[in-house]
Every structure is written in structure tokens, then in C-alpha cells.
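Note that the numbering used here numbers the sequence shown so that position 236 is 236, with each residue one more than the last.
Reading through the C-alpha cells given below for one structure.
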Amino acid sequence: MKLRRRKFLHLAAVAVTLPSASRYVLAQAYPTRPVRIIVGFPAGVAPDIIARVIGQALSERLGQQFIVENRPGAGSNIGAEIVVRAPPDGYALLLAVSSGAINATLYSNLSFNFIRDIAPVAMIGLAPFVMVVNPKLPTRTVPEFIAYAKANPGKINMASQGNGLASHLMGELFKMMAGVNLVHVPYSGSFAADLLGGQVQVAFVPITSVIEYIKDARLRPLAVTTATRVELLPDAPTMGEFLSGYDATGWNGIGAPRRTPSAIIEKLNKEIDAIVLDPAMKARLISLGIEPLSMTPAEFGKRIADDTEKWAKVIKFAKIKAE
Numbered sequence: 001m002k003l004r005r006r007k008f009l010h011l012a013a014v015a016v017t018l019p020s021a022s023r024y025v026l027a028q029a030y031p032t033r034p035v036r037i038i039v040g041f042p043a044g045v046a047p048d049i050i051a052r053v054i055g056q057a058l059s060e061r062l063g064q065q066f067i068v069e070n071r072p073g074a075g076s077n078i079g080a081e082i083v084v085r086a087p088p089d090g091y092a093l094l095l096a097v098s099s100g101a102i103n104a105t106l107y108s109n110l111s112f113n114f115i116r117d118i119a120p121v122a123m124i125g126l127a128p129f130v131m132v133v134n135p136k137l138p139t140r141t142v143p144e145f146i147a148y149a150k151a152n153p154g155k156i157n158m159a160s161q162g163n164g165l166a167s168h169l170m171g172e173l174f175k176m177m178a179g180v181n182l183v184h185v186p187y188s189g190s191f192a193a194d195l196l197g198g199q200v201q202v203a204f205v206p207i208t209s210v211i212e213y214i215k216d217a218r219l220r221p222l223a224v225t226t227a228t229r230v231e232l233l234p235d236a237p238t239m240g241e242f243l244s245g246y247d248a249t250g251w252n253g254i255g256a257p258r259r260t261p262s263a264i265i266e267k268l269n270k271e272i273d274a275i276v277l278d279p280a281m282k283a284r285l286i287s288l289g290i291e292p293l294s295m296t297p298a299e300f301g302k303r304i305a306d307d308t309e310k311w312a313k314v315i316k317f318a319k320i321k322a323e
């Protein structure tokens, strides 16, 4: 009996260690074939470029191709749904962007839940925006702008890249926190010409899209939208210095289908962290308007959840509907 009992306990112990051993072996072997990175935007735009930069680095480090696949449409929801429906084996990844947190509330008919169905893998970096005004506007600081806007309600036009997009919501958050009335003017394309010409007077935009206009004084930066100052505009104050708690930043990261093995997620997280912290890659990402940032999967998941809650409040406050 003692021999049988000893054998049973030995087999039980082996059974317990098998799952962790198999996860380790899985992570060590991964990837054994090309990996797709799904981007919910057209080729050539910022998320696509970032995905290709990170994908190339992952290919070099892991010895398999990481292929970018563009699936634009529905505010990036088409790409997200493709990954949600993919097998959870690590071979279909999502270039996750902050629009995922916005769309969770903006679109009432989604067939998936971004927080539940996309497993956070790794943060790549933050995408700082800046509040810029046409120099003809007699305001040089955020407090001056707020005072001017309150004295001229409904007379300042705020441009955005489209209804419900980040540039719109960052402006709406500003309106909500500052208590000002700005007229939202959504564009389906570039509004740079109208902003430079003064037909619209203010906008919240990615820094890289207006950095040259700022340098030659054709646009005036009032504040960056991040919680801390950024390298691309080191002299620009943060919005939080004037509106306590204001922090509205885009971000880029990598997600995977839920139930993707934790060992694969941990391996990808480790590799992506090493990539974004490499000095040459950091310089490359900063030139693309990204402030490199590493996070654990849990930290990245919390960021997604926090932003989803934040933008839900703004969308409901401003009564924004998807077009």
C-alpha cells in the first residue's frame, strides 16, 4: 500500500507541474510561424508606421516575421473585431490604440467588449497632443484663453479630425473642465489650412502634425495634454498646471485575443519592453510623436479601463454620437 501511495503522489505531483511546464515550453518555442499585427487604420498613418517599426524589431528579436495587416474602418473597430475572433494562440495581435477605449461608449452596437475581449500585452508609448490656437487670437496662456472664451461664448471655433475622435474628445474634456462654450467644427480630412487661416481658432492635435507650424510661429501652443511635459515641446506647460486633473493622452500598445496563454503574453511583453527602452528605438518613436513607455500587462489593462471610464463621462456629458 505504501508503494502504491508513493506512486500515486508522484504521479499527482507530475500532473500538477505539467501545465506550468507546458506553458514554459510554449513560450520558449513561440513564435514558430509568422505573426499578424492587425492595424485598424490605413497604411501610412501614425498607428500603421508604429506597428511596422515595432513589428520589424520583433521580427529581428524573435526570428519570425511580424506582418502588419491593415484593416481600416468603423473607427478601428473592424481591426479590433478581427483579433477578438482570432484563435488565442499569439499569431494574431492588435495594434491597440486609445480609440478602443473611446469606441466602447461611442458605439452602442459593438459585438465585442474591448476590455473583456482584448488581452492587454504591452504598452508602446503615449501619443501627446497639444492645444494650439491661431496667433490672431489674443490669448497666450490657458488662463487667458479660458477668460476670453467665457467673455465670448460660442464665438470660438474648435476644429477636430472628426466627431468622436481623440481630437474632439480632448477638446470636449477641456470645455467640460474649464466651463467654456466652444463651437465644435468636425473635419473629415485635414483642417490645417482653416486653422492657419483663422476660420477655426483652436484645436487639440498630435504634436507631430503641427510642430513645424509651431516652430515658425504660425500656430501658438498653449499646453500639452499629457500629465508631464514632453520632449518635443519642452517649454510648453501641461494642461494640468491650469486645470487640475486634466490628462488626455493617446496611446499605442499591443493586444491579443482573450485567453491567449499568459506565457506568450509575458514573452511578448518582455520583448516589447526591451524594444521601446532601447535608446535608438526611443529616439525613433519620439520622432514619430510617441513618448516610449513600458508597462506590465496588468498596468496596461488598468490604463485601458481607466480611459474607457474617463471618455464615457465625456461622451455622455457632451452627448456625442457616432456618425
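Even for Gly, the Cβ is constructed at its ideal location relative to N, Cα and C.
In this text the structure is predicted, and so the values were computed from the model without any measurement.
- Annotation: the continuous alpha helix (DSSP H) that includes S59 extends over A46 to L62.
- As the crow flies, the alpha-carbon of V53 is around 35 Å from that of L243.
- The shortest CA-to-CA distance from E60 to any of Y107, I275, E69 and S98 is the one to I275.
- If you draw a straight line from the Cα of G171 to the Cα of G253, it comes to about 23 Å.
- Between the C-alpha atoms of I37 and G55 there is a straight-line separation of about 8 Å.
- For V180, same chain residues with a beta-carbon under 7 Å away, outside a window of 5 residues either side, are I146, A149 and K150 in chain order.
- In this structure, P128 sits near I207, with a CB-CB distance shorter than 8 Å.
- Taking all protein chains in view, the Cβ of L268 is crowded by 16 or more other Cβ atoms within 10 Å, so the residue is classified as buried.
- Distance check between K136 and each of T260, V68 and A217 places A217 closest, using alpha-carbon atoms only.
- Straight through space, the alpha carbons of P88 and L58 are spaced by roughly 19 Å.
- The C-beta distance from A256 to V68 rounds to 15 Å, too long to meet the 8 Å contact threshold.
- Straight-line measurement puts the Cα of S167 at about 14 Å from the Cα of L195.
- R220 sits in a strand when the DSSP states are folded into three classes.
- Just so you know, the alpha carbons of L219 and P237 end up roughly 16 Å apart.
- Judged by DSSP in its simplified three-state form, R140 adopts coil rather than helix or strand.
- For A92 and G79, the gap between their C-alpha atoms comes out near 11 Å.
- F66 has V35 as its beta-bridge partners, per DSSP.
- Apart from sequence neighbours up to five positions away, the residues of its chain that approach A119 with a beta-carbon distance below 7 Å are G255, A256, P257, R258, T260 and I265, ordered along the chain.
- Taking I214 as the centre and dropping the five residues before and after it, the same chain places the C-beta of P221 closer than 6 Å to its C-beta, in chain order.
- Rounded to the nearest whole angstrom, the C-alpha separation of N109 and N103 is 10 Å.
- Collapsing the DSSP output to three states places E299 in a helix.
- DSSP places P206 within a strand segment (E or B) once states are collapsed to three.
- Boundaries of the alpha helix (DSSP H) harbouring V83: N77 to R85, taken from the DSSP string.
- Under the three-state reduction of DSSP output, N103 falls in the helix class.
- Leaving aside the five residues that flank S188 on each side, the residues in its chain whose CB is nearer than 8 Å to its CB run, in chain order, G162.
- For T308, the number of other beta carbons within 10 angstroms of its own is at least 16, and it is reported as buried.
- Nearest C-alpha to L62 among G289, I290, E271 and S294: E271.
- Inclusion of G250 and V97 in the CB contact set at 8 Å is warranted, their separation being smaller than that value.
- In this structure, M158 sits away from V210, with a CB-CB distance that is not shorter than 8 Å.
- By the beta-carbon neighbour count (other beta carbons within 10 angstroms, threshold 16), T32 is exposed.
- About 7 Å separates the CB atoms of A101 and F114; that is less than 8 Å, so the two are in contact.
- Nearest to V39 by C-alpha distance, out of I82, Q64 and E323, is I82.
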